[in-house]
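Student: In the working numbering, the protein residues as written are 380 to 512. Where is the CB? At the ideal position from N, CA and C, for every residue including glycine.
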């Protein structure tokens, strides 16, 4: 997970993208249904990197088999401190095939929802461009 956490904290989206499986499922803390596929997940993560400020991981918890990870993080969004956790599962090739995010407090989650909503036209365009390549 060190490659992933280093890439996210550095804002290196290309490195993050190489760690995603084609069939990755992303479950957002502010959307009702999950998003399926590398194109949309990658675009959402780029949007998140644009929205979060001072993002950093504070703790990593790993399952015995090394395929499940809980990555606790802190960041700022629209002037509000947000705490969260990325729950990642790795497939048999070591790529992220399940990515669930949970955040708190509610006021920061609402700020995140609003900020990501504003990003969604760009996210949709980036996902469509990725699929076209």
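Using 8 Å as the cut-off, can you tell me whether the stretch 398-416 makes contact with the stretch 467-485, which would need three or more C-beta pairs spanning the two stretches below that distance?
Tutor: Cβ pair count under 8 Å is three or more, so yes.
Student: Have a look at the DSSP bridge pairing and note the partners of residue 483.
Tutor: 462.
Student: Determine the extent of the beta strand (DSSP E) in which residue 434 is found, giving its start and end residues.
Tutor: Segment 432-441, the beta strand (DSSP E) holding residue 434.
Student: Closest to residue 416 by C-alpha separation, out of 475, 486, 410, would be which residue?
Tutor: For the residues 475, 486, 410, the minimum Cα distance to residue 416 belongs to 475.
Student: Taking 8 Å as the threshold (C-beta atoms), are residue 501 and residue 430 in contact?
Tutor: Against a cut-off of 8 Å, the Cβ pair of residue 501 and residue 430 comes out as no contact.
Student: With distances taken from CA atoms, which of 441, 439, 406, 438 is nearest residue 424?
Tutor: Of the listed residues, the one whose Cα sits closest to residue 424 is 406.
Student: DSSP three-state call for residue 447: helix, strand or coil?
Tutor: Three-state result, residue 447: strand.
Student: Would you give the residue range spanned by the beta strand (DSSP E) that residue 403 belongs to?
Tutor: From DSSP, the beta strand (DSSP E) with residue 403 extends over 399-406.
Student: Out of curiosity, what's the CA-to-CA distance linking residue 394 and residue 486?
Tutor: Straight-line Cα distance between these residues: approximately 31 Å.
Student: Helix, strand or coil: how does DSSP classify residue 506 here?
Tutor: In the structure shown, residue 506 sits in a helix (DSSP, three-state: H, G or I).
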